[in-house]
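In what follows, a structure is listed as structure tokens, so that the remarks can point back to it.
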Amino acid sequence: AYTGDPFIVNGSYNLKASGALNEELKGQIRFELKTIEDISSGNYPITTLKLDFGSAEETSSHTVGFIISGKHMARQSLIGTYGVTDNTKGFLNHYNRVFGFADINNLGEQSFFAYGGSINVTDVHDDALHGNLKVNFRDFEGETMQLTGDFIATK
Numbered sequence: 095a096y097t098g099d100p101f102i103v104n105g106s107y108n109l110k111a112s113g114a115l116n117e118e119l120k121g122q123i124r125f126e127l128k129t130i131e132d133i134s135s136g137n138y139p140i141t142t143l144k145l146d147f148g149s150a151e152e153t154s155s156h157t158v159g160f161i162i163s164g165k166h167m168a169r170q171s172l173i174g175t176y177g178v179t180d181n182t183k184g185f186l187n188h189y190n191r192v193f194g195f196a197d198i199n200n201l202g203e204q205s206f207f208a209y210g211g212s213i214n215v216t217d218v219h220d221d222a223l224h225g226n227l228k229v230n231f232r233d234f235e236g237e238t239m240q241l242t243g244d245f246i247a248t249k
């Protein structure tokens, strides 16, 4: 059962940004789950879970996204913690990885990329995915930002 922020409703999130940006980020969140056969890994099915965070009008304009990839990830087995590692060294040939980015208009045109932290999926239903995150981001100039908070993603 979901035990995070009681004010989060289906399809929304509430994140606290600290570091380069110090404010709350809110908006709508969607998830997408896809499975493909990967020939390069011996025809093992590779599953990707995509989380798209869109900004609400009352917060700084932003886009945040995560792609979690892994072998043999079924919907019922998505519950768990996914560690974020430094993505600047490449993503496509690695499985059981989290790729994350954040574009915050107030901070200029530089994108921030996730390099540490975790995403925790706490509950899964057919049309909703509950969880929380604490993820560290860095841009190519070394500026850092941390996002923490709760979400309930819908399809």
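Using this note's numbering, you'd call the opening residue of the sequence shown number 95 and step up by one each time.
Virtual Cβ for every residue (Gly too), placed ideally from N, Cα, C.
Please read these numbers as outputs of a predicted model, since none were measured by experiment.
DSSP three-state call for residue i: helix, strand or coil?
| i | result |
| --- | --- |
| residue 127 | strand |
Excluding five sequence neighbours on each side, which residues of the same chain lie with their C-beta closer than 6 angstroms to the C-beta of residue i?
| i | result |
| --- | --- |
| residue 238 | 113, 232 |
| residue 222 | 104, 246, 248 |
| residue 172 | 215, 218 |
| residue 125 | 145, 223, 247 |
Identify, in the order they occur along the chain, each residue of the same chain with its Cβ nearer than 8 angstroms to the Cβ of residue i, setting aside the five sequence neighbours on each side.
| i | result |
| --- | --- |
| residue 120 | 106, 107, 108, 109, 149, 150, 152, 153 |
| residue 230 | 178, 208, 209, 210, 211, 238, 239, 240 |
By DSSP's criteria, residue i is part of a beta bridge. Which residues make up the other side?
| i | result |
| --- | --- |
| residue 118 | 110 |
| residue 158 | 147, 196 |
| residue 141 | 129, 164 |
| residue 174 | 215 |
Note down, in chain order, each residue of its chain lying with its Cβ closer than 7 angstroms to the Cβ of residue i, except the 5 sequence neighbours on either side.
| i | result |
| --- | --- |
| residue 235 | 204 |
Along the chain, which unbroken stretches of the beta strand (DSSP E) at least 3 residues long are found entirely within the segment 177-247? Correct list: 191-198, 206-218, 222-232.
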